[in-house]
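Student:
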Amino acid sequence: MSEYDYEDLGLVAGLEIHQQLDTATKLFCSCPTALREPDEAERTFTRFLHPTKSELGELDEAALEESRVDREFEYLAYDTTCLVEEDDEPPHELDVEARTVAMQIAELLDMQVVDQAHVMRKLVIDGSNTSGFQRTTLVAQDGEIETSEGPVSIVDIMLEEESAQRIEERDDGVLFSLDRLGIPLVEIGTGPDISSPEQAREAAETIGMFLRSTGKVKRGLGTIRQDVNVSIEEGARVEIKGVQALDQIDEIVRFEVGRQAELIEIRDELRSREAAVGDVTDVTDVFEDSDSGVIRGALDSGGKVMGVRLAGFDGLVGRELQPDRRLGTEFSDHAKRHGAGGIFHTDELPAYGVTEDEVDALREAVDAGPEDAVAIVADDPETADLAIEAVADRAEVAIEEVPEETRGANDDGTTRYLRPLPGAARMYPETDVIPVDLDPSDVETPELLTEKVDRYQDEFGLDAGLADQVAYGRKMPLFEQAVDEGIDATFAAGLLESTLTELRRDDVAVENITDDHLLAVMHLVEDGDLAKEGVNEVLETIADNPDHTAEEAVEAAGLSGVSEDEVREAIAEVVERNAGQVEEQGMGAFSALMGEAMGALRGKADGGVVSDVLREEIQKRS
Numbered sequence: 071m072s073e074y075d076y077e078d079l080g081l082v083a084g085l086e087i088h089q090q091l092d093t094a095t096k097l098f099c100s101c102p103t104a105l106r107e108p109d110e111a112e113r114t115f116t117r118f119l120h121p122t123k124s125e126l127g128e129l130d131e132a133a134l135e136e137s138r139v140d141r142e143f144e145y146l147a148y149d150t151t152c153l154v155e156e157d158d159e160p161p162h163e164l165d166v167e168a169r170t171v172a173m174q175i176a177e178l179l180d181m182q183v184v185d186q187a188h189v190m191r192k193l194v195i196d197g198s199n200t201s202g203f204q205r206t207t208l209v210a211q212d213g214e215i216e217t218s219e220g221p222v223s224i225v226d227i228m229l230e231e232e233s234a235q236r237i238e239e240r241d242d243g244v245l246f247s248l249d250r251l252g253i254p255l256v257e258i259g260t261g262p263d264i265s266s267p268e269q270a271r272e273a274a275e276t277i278g279m280f281l282r283s284t285g286k287v288k289r290g291l292g293t294i295r296q297d298v299n300v301s302i303e304e305g306a307r308v309e310i311k312g313v314q315a316l317d318q319i320d321e322i323v324r325f326e327v328g329r330q331a332e333l334i335e336i337r338d339e340l341r342s343r344e345a346a347v348g349d350v351t352d353v354t355d356v357f358e359d360s361d362s363g364v365i366r367g368a369l370d371s372g373g374k375v376m377g378v379r380l381a382g383f384d385g386l387v388g389r390e391l392q393p394d395r396r397l398g399t400e401f402s403d404h405a406k407r408h409g410a411g412g413i414f415h416t417d418e419l420p421a422y423g424v425t426e427d428e429v430d431a432l433r434e435a436v437d438a439g440p441e442d443a444v445a446i447v448a449d450d451p452e453t454a455d456l457a458i459e460a461v462a463d464r465a466e467v468a469i470e471e472v473p474e475e476t477r478g479a480n481d482d483g484t485t486r487y488l489r490p491l492p493g494a495a496r497m498y499p500e501t502d503v504i505p506v507d508l509d510p511s512d513v514e515t516p517e518l519l520t521e522k523v524d525r526y527q528d529e530f531g532l533d534a535g536l537a538d539q540v541a542y543g544r545k546m547p548l549f550e551q552a553v554d555e556g557i558d559a560t561f562a563a564g565l566l567e568s569t570l571t572e573l574r575r576d577d578v579a580v581e582n583i584t585d586d587h588l589l590a591v592m593h594l595v596e597d598g599d600l601a602k603e604g605v606n607e608v609l610e611t612i613a614d615n616p617d618h619t620a621e622e623a624v625e626a627a628g629l630s631g632v633s634e635d636e637v638r639e640a641i642a643e644v645v646e647r648n649a650g651q652v653e654e655q656g657m658g659a660f661s662a663l664m665g666e667a668m669g670a671l672r673g674k675a676d677g678g679v680v681s682d683v684l685r686e687e688i689q690k691r692s
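So this is what it looks like as structure tokens:
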């Protein structure tokens, strides 16, 4: 897709960063924030959710559309979840640790923390919360970050509960897991100050750095999500949900700008053609003998085929808006929201088993001329009716404007329709949680990761590359704890960044090695109870036997420390076996014998000690 002149198009973008906090417990109960496997569930239960009116008696449009899709939601409950997640017990007070971390983030972003946190309910009936709403509270406002293209304002920080984890989509509903529901989450919203795809990515990376600087955010796939709001001057505000990769943000903005620009051109062309949308028509008779697998399957199951004439749309339904996504794909997204598998349209027919004769008969059935297109849906009667009406509605909008809507991010940077934009009617006060006072004066402002990199070099003598790896790595809090407890910084950094990477590359189950294991192994080395050369073998033993303590792993690996006399005895035997080489080469034999000596001691002795003793023994012989 060609690059656009974003200033000329009037690009305006903003971000909403959602980041899980790494707290001990959830936001409104004392359950742990650990994730579980679905097969560990102790029981299940089901819910049906319906929209409720706001305090002003209004229904949110997004929730109303969601309610038109009749679905049953099933939830997996565990021994690590409780009645709060199930909405069978009132929520507890806002978690102290979570709100402290949220205030730390606010301090880093130079924001004004509110005097009192009031919890609100945000209407959500897609099943991702058992209560039908998400609890959220304003923590701070009015901050700013700097980018190479100018400042970007930070409008607010919200502290809210994470949604339930979607496990499986079903024909009649969705299976969710309660392990994730209630994990504390901060939502950081920027102002609409972003004017290029590159600036959007830079702003997201900068905010991400501030978040990781706290050392209290979860890491890994799904723990951080970016929503991107994009509009151009003649377009509309579109919220793109669920961008998980930072390096995808700029591409998503480019693709959305392109989509809106194409829709504007299509709108103008439709208006010049005096386009219109005809009445929905039952065209089942046209396809009663069809060999199309999709249509045949629907009819054989008692379904029908519904069609709609799109006057003036010929050639435009198949026009590409984003890579491999067309106006017809947009129509199909709306049909799928009502349970249909998709649509067919005449810009792509004959194909999929639909013949040219059937296309001609279809056009005749809906009175379509050469400049018209026809869209059809084949499904059970109710789904076909709802889906074709949704297609007709979306086609009407295409003549008028680029629609405001919420879209979902695809893996390739394109997007798909999810629902209308939510409105103010979805938010109302939470009456089960008392407000809490917030006092940022008691909160310690974290050191920025960029500052940590400089300090690690100056204070610990780490080179720039290793300092950067440690500061931005997932084990940064453990590194800080280790050096605070007297562990050599270079050794700790190498173990956490290099050794673990080597083991992972060798298919060792590093995920089984806990931070407590790693810290204990470092202390064993620091105290002289384990040679550095034995660290890899001990960690491999722990990975295979996670129930072992570090000391037990040392024993199991046969790496208990040896005395200096035992070291001298083992090295003397190595020198004796190679007496001829030593007498001939003297210290020139050192490198070859060092490897043999270390092998003989199997990591039971420190390499420095072995080196010193070996030099002494060689000097005696030469």
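Be aware that the sequence shown starts at 71, since it is given in this note's numbering, and climbs by one per residue.
Where a beta carbon is used, it is the ideal one built from N, C-alpha and C, also for glycine.
Could you tell me the alpha carbon to alpha carbon distance between Ile-319 and Gly-628, rounded to whole angstroms?
Tutor: Residue numbering aside, residue 319 sits at position 249 when the sequence shown is read from its first letter. Residue numbering aside, residue 628 sits at position 558 when the sequence shown is read from its first letter. Near 50 Å, if we compare the C-alpha coordinates of Gly-628 and Ile-319.
Student: Can you tell me whether Ala-662 is buried or exposed? The criterion is at least 16 other CB atoms within 10 Å of its CB, across all chains shown.
Tutor: Within the sequence shown, the letter at position 592 stands for residue 662. Exposed, since its Cβ has fewer than 16 Cβ neighbours within 10 Å.
Student: On the premise that Asp-212 lies in contact with Gln-174, defined as a C-beta separation below 8 Å, what is that separation, rounded to the nearest angstrom?
Tutor: Start at 1 with the first residue of the sequence shown, and residue 174 comes out as number 104. Start at 1 with the first residue of the sequence shown, and residue 212 comes out as number 142. So it is not a contact: roughly 17 Å between Cβ atoms.
Student: Give the secondary structure of Asn-299 by DSSP, where H, G and I count as helix, E and B as strand, and everything else as coil.
Tutor: Reading the sequence shown from its first residue, position 229 is the one you call residue 299. Correct three-state label for Asn-299: strand.
Student: Taking the alpha helix (DSSP H) that Asp-165 falls in, what are its first and last residues?
Tutor: Sequence index remark: in the sequence shown, residue 165 carries index 95 (1-based). Per DSSP, Asp-165 belongs to no alpha helix (DSSP H) and is neither H nor E.
Student: Would the segment 360-367 count as touching the segment 323-340 if we require 3 or more Cβ pairs under 8 Å?
Tutor: With the cut-off at 8 Å, the segment 360-367 and the segment 323-340 do not touch.
Student: Taking the alpha helix (DSSP H) that His-404 belongs to, which residues open and close that run?
Tutor: Residue numbering aside, residue 404 sits at position 334 when the sequence shown is read from its first letter. It spans 397-406 - the alpha helix (DSSP H) in which His-404 sits, taken as one unbroken run.
Student: Which residues does DSSP list as the beta-bridge partners of Glu-86?
Tutor: The count along the sequence shown starts at 1 and reaches residue 86 at position 16. Its beta-bridge partners are Gly-259 and Asp-297.
Student: Can you give the beta carbon distance from Leu-386 to Leu-419, rounded, assuming they're within the 8 Å contact cut?
Tutor: Working through the sequence shown from its first residue, we reach residue 386 at position 316. Working through the sequence shown from its first residue, we reach residue 419 at position 349. Not really, about 15 Å apart at Cβ, beyond 8 Å.
Student: What separation, rounded to the nearest whole angstrom, lies between the Cα atoms of Asp-442 and Ala-381?
Tutor: On the sequence shown, residue 442 is found 372 positions in, with the first residue counted as 1. On the sequence shown, residue 381 is found 311 positions in, with the first residue counted as 1. One C-alpha to the other measures close to 4 Å.
Student: Taking the C-alpha atoms as reference points, what is the distance between Arg-106 and Ile-688?
Tutor: Taking the sequence shown and counting its residues from 1, the one referred to as residue 106 is at position 36. Taking the sequence shown and counting its residues from 1, the one referred to as residue 688 is at position 618. Cα to Cα, the separation comes out at about 57 Å.
Student: Would you kindly report the start and end of the unbroken beta strand (DSSP E) that includes Asp-352?
Tutor: As a working note, residue 352 is residue 282 in the sequence shown. 346-352 is the span of the beta strand (DSSP E), which, as asked, contains Asp-352.
Student: Which partner residues of Asp-449 appear in the DSSP bridge assignment?
Tutor: Residue mapping note: residue 449 aligns to position 379 of the sequence shown, counting from 1. According to DSSP, Asp-449 bridges with Lys-374.
Student: Residue range of the beta strand (DSSP E) that Glu-216 falls in?
Tutor: Locating residue 216 in the sequence shown gives position 146, counting from the first residue. Looking at the DSSP string, the run of the beta strand (DSSP E) that includes Glu-216 is 203-217.
Student: Measuring only the C-alpha atoms, how far is Asp-586 from Asp-538?
Tutor: Indexing the sequence shown from 1 puts residue 586 at position 516. Indexing the sequence shown from 1 puts residue 538 at position 468. Going from the Cα of Asp-586 to the Cα of Asp-538 covers about 23 Å.
Student: In the DSSP assignment, find the unbroken beta strand (DSSP E) run with Asp-226 in it and report its ends.
Tutor: Indexing the sequence shown from 1 puts residue 226 at position 156. First-last of the beta strand (DSSP E) with Asp-226: 220-231.
Student: State the start and end residues of the unbroken beta strand (DSSP E) segment that holds Gly-531.
Tutor: Taking the first residue of the sequence shown as position 1, residue 531 is located at position 461. Taken as a continuous stretch (DSSP letters only), Gly-531 belongs to no beta strand (DSSP E), as it is neither H nor E.
Student: With the cut-off set at 8 Å, would you say Ala-410 and Ala-457 are in Cβ contact?
Tutor: Here the question's residue 410 lines up with position 340 in the sequence shown. Here the question's residue 457 lines up with position 387 in the sequence shown. Yes, the pair counts as a contact, with Cβ atoms nearer than the cut-off.
Student: Out of Arg-486, Pro-499, Val-356 and Ala-559, which has the shortest C-alpha to C-alpha gap to Gly-312?
Tutor: One-based indexing of the sequence shown puts residue 312 at position 242. Looking at the Cα atoms, Arg-486 is the closest of the given residues.
Student: If you follow the alpha helix (DSSP H) that Val-706 is part of, which residue opens it and which one closes it?
Tutor: Nothing about residue 706 can be read from this structure; the chain reaches only from 71 to 692.
Student: With three or more beta-carbon pairs closer than 8 Å as the criterion, would you say the segment 287-298 touches the segment 80-87?
Tutor: Yes: the two stretches touch, three or more of their Cβ pairs being nearer than 8 Å.
Student: Considering Cα atoms alone, identify which of Ala-273, Thr-206 and Leu-518 is closest to Ile-215.
Tutor: By 1-based counting over the sequence shown, the position of residue 215 is 145. The shortest Cα separation from Ile-215 among Ala-273, Thr-206 and Leu-518 belongs to Ala-273.
Student: Going by DSSP in three states, Lys-690 sits in which element: helix, strand or coil?
Tutor: Here residue 690 corresponds to residue number 620 of the sequence shown, with the count starting at 1. Three-state result, Lys-690: helix.
Student: Mind reading off the beta-carbon distance from Thr-114 to Asp-165? Whole number of angstroms is fine, and I expect it under 8 Å.
Tutor: Position 44 of the sequence shown, counting from 1, holds the residue named residue 114. Position 95 of the sequence shown, counting from 1, holds the residue named residue 165. So it is not a contact: roughly 27 Å between Cβ atoms.
Student: If you draw a straight line from the C-alpha of Val-236 to the C-alpha of Val-513, how long is it?
Tutor: What you label residue 236 is simply residue 166 of the sequence shown in a count that begins at 1. What you label residue 513 is simply residue 443 of the sequence shown in a count that begins at 1. This sequence places Arg at residue 236; Val is not what is there. About 35 Å.
Student: By how many angstroms is the C-alpha of Glu-238 removed from the C-alpha of Glu-309?
Tutor: For the purposes of this step, residue 309 is taken as residue 239 along the sequence shown, with counting starting at 1. For the purposes of this step, residue 238 is taken as residue 168 along the sequence shown, with counting starting at 1. If I take the Cα positions, the gap works out to 24 Å.
Student: Quick one: is Ser-100 buried, meaning 16 or more other Cβ sit within 10 Å of its Cβ, or exposed?
Tutor: Taking the sequence shown and counting its residues from 1, the one referred to as residue 100 is at position 30. By the neighbour-count rule (16 or more Cβ atoms within 10 Å), Ser-100 is not buried but exposed.
Student: Leaving out the 5 sequence neighbours to the left and right, which residues in its chain are closer than 6 Å to Val-595 when beta-carbon positions are compared?
Tutor: Counting from one through the sequence shown, the residue named residue 595 turns up at place 525. Lys-602.
Student: With DSSP as the reference, please indicate the residues paired to Met-664 in a beta bridge.
Tutor: Numbered from 1 along the sequence shown, position 594 holds the residue referred to as residue 664. DSSP output for Met-664 lists no bridge partner at all.
Student: Taking Ala-479 as the reference, give the member of Thr-293, Glu-232, Glu-321 and Asp-241 with the closest Cα.
Tutor: Position 409 of the sequence shown, counted from the start, is the residue given in the question as residue 479. The residue with the shortest Cα to Cα distance from Ala-479 is Glu-321.
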